[in-house]
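Here is the structure we will look at.
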Amino acid sequence: MSNNKISWFENSKRQGDLKFDIVLILVIAFLTLLFFYPMYLVIISAISDPNAVYNGQVTLFPRGWNTTGFKQVLQTSELWTGYLNSGIYTVVGTAINLFFTMTGAFVLSRPHFGLKKPITIMIVITMFFGGGMIPTYLLVKNMRMLNTIWALVMPGAISTWNLMVTRTFLQTSIPEEIHEAGEIDGCNNLQFFWRVVLPLSSTIMVVIGMFYAVGHWNSYFSAMLYITKPEMYPLQLVLRNLLLNAEYALRAAQEGFVDDYNMQKMKEMYHLAESMKYIIVLATVLPIMVIFPFVEKYFVKGVMVGSLKG
Amino acid sequence: MKKTTLRERIVRDLKKHWDLYILAIPMIAYYIIFCYGPMYGVQIAFMDYNPFRGMAGSKYVGLKHFINFFSVPTWYEYVWNTLRISLSGLIFSFPIPIVLALMFNALPVKHFRKLVQTVFYMPHFVSTVVLIAMLKLFTNNEIGIINRVLTAVGLNAVNFDGAGAFLPTYLISGIWAGAGWSTIIYTGALTSIPTDLYEAAMIDGATKMQRVMHIELPSIIPTLSITLIMQIGGIMSVGHEKTFLMQLPTNISVSEIISTYTYKAGLVNSQFSYSAAIGLTNSIVNCVLLIFANYASRKMSGSALW
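First to last, the protein sequences are chains F and X. Sequential numbering of the first sequence, starting at 8, is according to the numbering used here. Sequential numbering of the second sequence, starting at 38, is according to the numbering used here.
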């Protein structure tokens with residue numbers, strides 16, 4: 008609890024907590040550095056010379072430059088297809104998510120909606136019991152959605168948690184008086200939704216939109232289930248395949264499946280493969296590190312609103 | 038309150054608010070098709086489902102697949118592997134966000150606290166694929182940073198490919214990725230503690246440690262119970278995404294869990310009915326556990342999910 012007028016140090020001293028606080032700060036500082044180290048290591052390994060990385064020389068500081076690695080990665084066309092696909096899936100997917108979630112949450116937030124109770128019960132049941140992986144797969148297959156974008160965006164069109172959070176938000180943020188005023192002016196529900204509720208919901212739409220978007224961007228398993236055409240693979244699936252290939256090559260080298268004649272050349276290739284893995288990981292981690300601090304408060308607020316449900 | 042039947046209320050409402058029902062259609066359609074649809078499809082667990090003939094053309098075989106699953110001793114391994122992961126998670130990983138949240142809350146410097154929290158929240162957004170990639174980079178037996186550091190200080194290198202290393206790496210990577218983010222729920226509860234409680238405690242001469250133990254800890258018990266219930270309820274459904282990526286021939290004896298086996302049986306080997314049967318058993322057990330955990334929580338601490 009910090010005081011505006013005096014420093015935290017003085018405040019702690021006055022409350023007799025100074026020893027506790029100092030120890031706490033040191034412990035937390037150590038833990039924070041520890042937690043940050045993995046990402047830091049990825050960054051310095053990705054920009055360093057591949058041979059240095061392979062030889063274990065890159066621990067606290069980068070060494071050398073990794074021009075070959077970056078060139079190789081930039082030339083990997085599957086990576087670009089992956090980015091493009093994921094971009095499309097995320098944009099389309101999030102738009103669908105918002106459409107289904109906002110309409111549903113709005114309807115559930117209206118107090119006089121006749122079907123509110125039955126629908127809520129229907130939804131709660133799905134939180135406990137589901138069809139499972141195979142029946143869902145068969146459903147998607149029978150609806151002819153395999154190898155289409157629909158298999159990736161429809162089965163998850165609504166996240167019940169997001170739906171409930173939005174409903175709570177609408178219930179608490181849009182006073183009934185506005186609705187009554189609208190009714191007097193002859194506004195029906197559709198117009199009310201479109202002209203009043205949506206503009207007022209920009210905050211919650213941003214929050215759940217971001218949750219949905221991150222979910223789409225990071226997903227790989229649905230694509231693994233439903234998509235078999237490589238040109239449709241999203242980024243995470245492409246990454247996984249690239250990493251698997253590099254992994255096999257590395258293990259083959261380590262287990263000695265290469266003869267001495269080609270050893271030197273091979274060694275460099277394996278160093279490069281390992282280094283490329285770091286670059287690929289960096290491509291995902293760096294945007295997070297850069298963008299996240301700015302959008303953090305939205306996500307945190309979203310979780311808090313969601314966890315305080317009535 | 039007027040005593041009208043549900044039907045009368047709906048009819049009256051329908052006329053007045055027909056457009057509300059139109060707006061409800063997407064949501065209702067979604068749940069019916071994609072949540073209840075698969076539930077309907079679960080009955081293939083009781084058939085010899087033939088995908089070319091569909092459900093109508095498949096023979097009903099009763100409990101054959103369930104019996105198949107339980108008659109071979111391997112089912113015990115899958116269940117045990119699953120339980121081992123989720124129970125260790127409960128014991129080791131569950132308390133960590135709580136301790137962290139209390140520590141963050143007790144930090145006296147606001148800007149430092151915000152910085153710390155940002156660092157701890159970030160790993161949550163790393164995708165599973167990338168998380169495991171990082172894990173493999175760091176835990177490579179020869180050139181990964183962990184073994185390099187260990188051998189440099191004179192300790193023995195760890196065999197990360199082996200069965201023994203699976204559980205610790207699974208848990209630790211999970212803690213790195215999720216512990217920070219999980220503190221948010223507890224932080225929310227902590228910030229809503231009324232300040233006069235603190236003032237009263239300080240007047241009574243309570244040290245900070247005492248304040249944490251006697252004010253803050255009790256105030257997060259409701260949140261704690263609910264999170265605990267949900268985790269217990271999910272004991273049988275350890276995430277297949279991460280486990281699948283971590284599987285190796287050398288650790289498969291401990292890394293083959295119910296959901297990965299279901300996936301392989303169903304979609305790799307096309308044993309649809311068999312896989313559906315396993316999935317159904319799993320769902321039912323989950324359901325029972327959730328109900329039981331909720332009941333137990335209400336009895337013991339007064340707070341529950343419903």
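Built from N, CA and C at the ideal position, the CB exists for glycine as well. Everything numeric in this text was worked out from a predicted model, so none of it was measured.
| query | Does the separation of the CB atoms of Glu238/F and Thr83/F fall below 9 Å? | reply | no
| Three-way DSSP call (helix, strand, coil) for Gly138/F in this model | coil
| said: In this structure, how does DSSP classify Tyr332/X when only helix, strand and coil are distinguished? | reply: helix
| How about Leu187/X and Phe157/X: do their beta carbons lie closer than 9 Å? | no
| Name the residues in the region 101 to 132 of chain F whose C-beta lies less than 7 Å from a C-beta of chain X; which are they? | Phe106, Phe107, Thr110, Gly111, Phe113, Val114, Arg117, His119, Phe120, Gly121, Leu122, Ile126, Met129, Ile130
| query | For Gly199/X, which residues from the same chain have a beta carbon less than 7 Å from its beta carbon, with the 5 sequence-adjacent residues on both sides left out? | reply | Thr287, Asn288
| Opposing strand residues paired with Lys245/X [DSSP bridges] | Note: Lys245/X sits in no beta bridge, so no partner.
| query | Which word fits Pro182/F, buried or exposed, when buried means at least 16 other C-beta atoms lie within 10 angstroms of its C-beta? | reply | exposed
| Which residues mark the beginning and the end of the beta strand (DSSP E) in which Lys20/F is found? | Where Lys20/F is concerned, there is no enclosing beta strand (DSSP E), although the alpha helix (DSSP H) it sits in stretches over 15 to 22.
| query | CA-CA distance, Asn10/F and Leu144/X? | reply | For Asn10/F, the pLDDT reaches just 48, beneath the cut-off of 50, and the residue's location in the model is therefore unreliable, leaving the point undetermined.
| What do you reckon, are the CB atoms on Ser296/X and Asn323/X nearer than 9 Å? | no
| Which residues in the same chain have their Cβ closer than 8 Å to the Cβ of Lys96/X, if we skip the five residues on either side of it in sequence? | Met84, Asp85
| request: Might you give, ordered along the chain, the residues of its own chain that have their beta carbon closer than 7 Å to the beta carbon of Asn58/F, omitting 5 neighbours on each side? | output: His278
| Any C-beta of chain F sitting closer than 9 Å to the C-beta of Glu253/X? | no
| Interface residues of chain F facing Thr299/X [CB-CB closer than 8 Å] | Gly139, Met140, Ile141
| Within chain X, partners of Arg247/F - CB distance below 7 Å | Val166
| query | How big is the Cα-Cα spacing for Pro132/X and Ser219/X? | reply | 10 Å
| request: Any chance you could list the alpha helix (DSSP H) runs of at least 4 consecutive residues sitting entirely within the region 170 to 244 of chain F, in chain order? | output: 183 to 191, 209 to 225, 228 to 233
| field | Given Thr274/X as reference, the closest of Thr119/X, Ala226/X, Ala313/X, Ala61/X once Cα atoms are compared | value | Just to set this straight, residue 274/X is Ser in the shown sequence, not Thr. Measuring from the Cα of Ser274/X, the nearest candidate turns out to be Thr119/X.
| field | Ordered list of alpha helix (DSSP H) runs contained in the region 25 to 105 of chain F, each at least 4 residues | value | 25 to 54, 57 to 61, 74 to 82
| message | Rounding to the nearest angstrom, what Cα-Cα distance links Ser29/X and Phe281/X in this structure? | response | Only positions 38 to 343 of chain X appear in this structure, which leaves residue 29/X out of reach.
| task | To the nearest angstrom, report how far apart Met150/F and Leu91/F are at their CA atoms. | result | 25 Å
| said: Our contact map puts Phe200/F next to Phe113/F with C-beta atoms below 8 Å; I'd like the distance itself, whole angstroms only. | reply: 5 Å
| said: Buried or exposed for Met171/X, going by 16 or more other Cβ atoms inside 10 Å? | reply: buried
| request: Ignoring anything shorter than 4 residues or poking outside the region 206 to 259 of chain X, list the alpha helix (DSSP H) runs there in chain order. | output: 232 to 240, 245 to 248
| task | Determine which residues of the region 61 to 76 of chain X have a Cβ less than 7 Å from any Cβ of chain F, and write them out in chain order. | result | Ala61, Pro63, Met64, Ile65, Tyr67, Tyr68, Phe71, Cys72, Gly74, Pro75, Met76
| request: Quick one: grab the DSSP three-state call for Met92/X. | output: strand
| Separation of Thr179/F from Gly317/F, as counted between CA atoms | For Gly317/F, the predicted structure reports a pLDDT of 34, less than 50, and the residue's modelled location is therefore unreliable. The matter cannot be settled from this model.
| task | Apply the 10 Å Cβ neighbour rule to Glu187/F and answer buried if 16 or more other Cβ atoms are within range, or exposed otherwise. | result | exposed
| task | Compute the minimum distance between the beta carbon of Pro241/F and the heavy atoms of the ligand FAD, and state whether it is under 8 Å. | result | Among the components of this structure there are no ligands whatsoever, and the ligand FAD is therefore not found.
| query | Since Ile257/X contacts Ile135/X with CB under 8 Å, what's their CB separation in whole angstroms? | reply | 7 Å
| For Asn87/X, the residue or residues it bridges with in DSSP | Gly91/X
| request: Please say whether Val166/X and Leu244/F have beta carbons closer to each other than 9 Å? | output: yes
| Using a Cβ cut-off of 8 Å, which residues of the region 194 to 206 of chain F contact any Cβ in chain X, in chain order? | Asn195, Asn196, Leu197, Phe200
| field | Chain-order list of residues whose beta-carbon lies under 6 Å from that of Met8/F (same chain, five-residue window excluded) | value | Model confidence at Met8/F stands at a pLDDT of 47, short of 50, so the residue's coordinates are unreliable; what they give is reported in the following sentence. There are no such residues.
| Going along chain F, which residues have a C-beta under 8 Å from Ile182/X? | Leu48, Gly63, Thr66
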